[in-house]
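The structure appears below as structure tokens.
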Amino acid sequence: GAKSRGAACSGEELPVHEAILIGGVSQGCAGFATNPIDVLKTRVQAGVAGSASEAFRSALHDGGLPALMRGALTRTAWVALQGCVYYPVYELALATL
39 GAKSRGAACS
49 GEELPVHEAI
59 LIGGVSQGCA
69 GFATNPIDVL
79 KTRVQAGVAG
89 SASEAFRSAL
99 HDGGLPALMR
109 GALTRTAWVA
119 LQGCVYYPVY
129 ELALATL
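Pasting the structure below:
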């Protein structure tokens, strides 16, 4: 397994399954929490709005505050899966350097 910073102090290695779980949960939480910003960014990139403030007003008009969480579950799942790979690879890289 990969050593975590906390585990490295005690000389213990973080088991791979724990690194995968930690990566997935942390990235999933981050993906869910940042979904409203992603909705605004997507609206600007798609040309629906010219600025973030205009995208915010547009989203509120289209569906109220829940519109800012549109696609949150899909995004959370996708980002969590990425975290299941990124974090263990990062920990492995730290352990080998």
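Using the working numbering, the letters of the sequence shown correspond one by one to residues 39 to 135.
For every residue, glycine included, the Cβ atom is placed at its ideal position computed from N, Cα and C.
Coil, strand or helix - residue i by DSSP
i	result
leucine 52	strand
leucine 135	coil
valine 86	coil
glycine 101	helix
arginine 81	helix
arginine 95	helix
Near the ligand ZN: residue i beta-carbon under 7 Å from a heavy atom
i	result
leucine 119	Ligands are entirely absent from the displayed structure, and the ligand ZN is therefore not among its contents.
Cβ-based neighbour list, residue i, same chain, cut-off 7 Å, excluding 5 preceding and 5 following
i	result
phenylalanine 70	Ala110 and Thr114
Beta-carbon spacing of residue i, residue j below 8 Å
i	j	result
serine 91	valine 82	no
Quick test of the definition: if touching needs 3 or more C-beta pairs under 8 Å, does the stretch 94-106 touch the stretch 118-128?
Here the stretch 94-106 does not lie against the stretch 118-128, with fewer than 3 beta-carbon pairs under 8 Å apart.
Can you confirm whether the stretch 64-78 touches the stretch 113-120 when touching is taken to mean that 3 or more C-beta pairs between the two stretches lie within less than 8 Å?
As far as the Cβ criterion goes, the stretch 113-120 touches the stretch 64-78, which means the pair count is three or higher.
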